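In our numbering, the protein residues as written are 258 to 685. Note that CB positions come from ideal geometry on N, CA and C, so glycine has one too. Computed from a prediction, not measured in an experiment: that's the story for all the values here.
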Ligand code: ATP
Ligand code: MG
């Protein structure tokens with residue numbers, strides 16, 4: 258029988274890696290709390306229509322990347338490809354939008370893409386969504402929050418902020434018309450993908466990676482010239498607030514986003530350390546989305562970042578958290594009576610030393626083999642129970658690792674002295 262394997266593009270995250278993931282997650286958790294954001298958890302499966310109506314029918318995601326299926330009732334469901342749509346749906350459905358809401362979420366997303374480094378079919382995002390504030394101070398807040406994360410993770414020198422305003426819906430349609438007019442005249446010079454987009458989603462041509470297309474765009478109408486007065490003023494204010502906070506950015510007039518729901522401010526954090534998958538975080542304002550999904554008109558601003566790419570970047574920048582051993586204390590017991598005492602003592606120690614990692618040897622074996630495991634566990638101290646200890650009512654403590662030479666070696670203490678002796682050994 259052939260082995261069952263994981264689905265292509267859906268990776269196991271193994272114990273060595275989860276330590277890094279937990280570090281990223283813990284850092285984000287603390288960061289978002291410090292800005293007053295509360296966590297929301299949405300289902301992984303939603304009605305397919307939710308994504309069609311929010312992300313847009315003619316986007317890469319909806320056209321070719323969604324995992325959609327009919328459930329047993331014949332209803333079309335989709336594994337969420339991103340978090341904003343579900344978050345907005347949940348906020349409307351649960352009446353969260355009568356006041357300013359600062360929310361964040363984390364979890365797996367699913368897109369049928371060609372798997373490669375930094376691009377999976379199941380990947381993980383952490384996202385932030387702020388509802389109810391239309392003014393650009395909120396844009397700045399959300400961007401500053403993301404900027405602080407890079408500082409906390411020690412990678413701020415390796416990511417650059419790209420910024421643009423794509424204006425109101427009306428401004429964008431006026432621009433789209435002018436862009437299509439221009440590009441129609443050069444249709445034959447466009448690559449195949451861009452030719453197709455010319456009819457379906459011409460703004461996406463702006464972020465084509467094709468050098469010939471990019472050259473063509475140099476002489477094309479500029480989105481900035483079509484911005485409405487309010488978008489222009491808001492954009493200026495966002496930049497002013499970022500300047501005041503000392504966050505640097507590059508204006509990229511060709512930055513559009515792959516999802517239809519954005520307006521005004523859009524931004525991306527990009528790195529040149531991850532090859533083609535260089536965007537680690539992307540977001541923007543989406544003032545029309547809540548209404549589009551059936552709520553009252555409530556403005557929104559947010560971003561999502563890809564955890565896999567972030568972890569790759571931490572590796573590339575050698576900013577990984579220190580490797581921590583799985584154990585602080587390893588408990589060795591030889592013989593039935595010794596084991597009975599040791600197991601009970603370990604439980605008592607766990608009551609007293611909150612957070613201390615106490616690994617109890619299980620599975621028996623010789624004293625020597627148990628000590629080998631103790632050493633391998635990375636623990637600083639081994640607690641040892643053998644026949645002698647049981648008979649004498651003592652326990653032995655062996656220092657396996659210590660910065661203090663005076664603590665090296667092994668000592669036997671009365672059972673009642675265990676707590677105190679251990680505390681002293683660990684304090685060094
Ligand atoms: P890309 O252009 O790389 O496909 P995107 O514009 O489709 O990205 P968004 O929908 O904005 O990506 O998602 C936000 C972030 O989520 C991205 O910047 C990236 O870090 C991450 N991300 C998106 N798709 C994937 C994927 N398939 N695998 C891993 N991370 C992803
Ligand atoms: Mg994509």
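- When secondary structure is reduced to three states using DSSP, residue 574 falls in the coil class, being assigned neither helix nor strand.
- Ranked by how close their Cα comes to the Cα of residue 495, the residues 419, 585 and 475 have 419 in first place.
- Setting aside the 5 residues that flank it on each side, residue 485 is surrounded in the same chain by 424, 425 and 428, each with a C-beta closer than 6 Å to its C-beta; the list follows chain order.
- Per DSSP, reduced to three states, the secondary structure at residue 323 is coil, with no helix or strand assignment.
- For the options 274, 316, 272 and 286, the alpha carbon positioned closest to that of residue 517 is the one of 316.
- Remark: the C-beta of residue 315 is outside contact range of the ligand ATP, defined as less than 8 Å to any heavy atom.
- By the neighbour-count definition (other C-beta atoms within 10 Å, threshold 16), residue 258 is an exposed residue.
- Looking at the DSSP output, residue 365 sits in a beta bridge with 381.
- Contact between residue 367 and residue 557 fails: their C-beta atoms lie close to 23 Å from each other, not under 8 Å.
- Distance from residue 635 to residue 684 at the Cβ level is roughly 18 Å; contact not present, criterion being Cβ atoms closer than 8 Å.
- In this structure, residue 542 sits near residue 520, with a CB-CB distance shorter than 9 Å.
- For the pair residue 588 and residue 602, the CB atoms are nearer than the 9 Å cut-off.
- Checking the DSSP bridge columns, you'll see residue 655 partnered with 639 and 667.
- Around the beta-carbon of residue 665, fewer than 16 other beta-carbon atoms lie within 10 Å, marking it exposed.
- DSSP places residue 318 in the helix class (H, G or I) of the three-state scheme.
- Around the CB of residue 373, fewer than 16 other CB atoms lie within 10 Å, so the residue is classed as exposed.
- In the pairwise beta carbon analysis, the stretch 389-406 is classified as touching the stretch 547-562: at least three pairs are separated by under 8 Å.
- Burial state of residue 673 is exposed, judged by a 10 Å Cβ sphere holding fewer than 16 other Cβ atoms.
- DSSP, reduced to helix, strand and coil, places residue 295 within a strand of the structure shown.
- Per the Cβ contact rule, the stretch 301-310 is in contact with the stretch 334-347 (3 or more Cβ pairs under 8 Å).
- Judged by DSSP secondary structure, residue 615 falls outside any alpha helix (DSSP H) and instead within the beta strand (DSSP E) spanning 615-617.
- The continuous alpha helix (DSSP H) containing residue 609 extends over residues 593-609.
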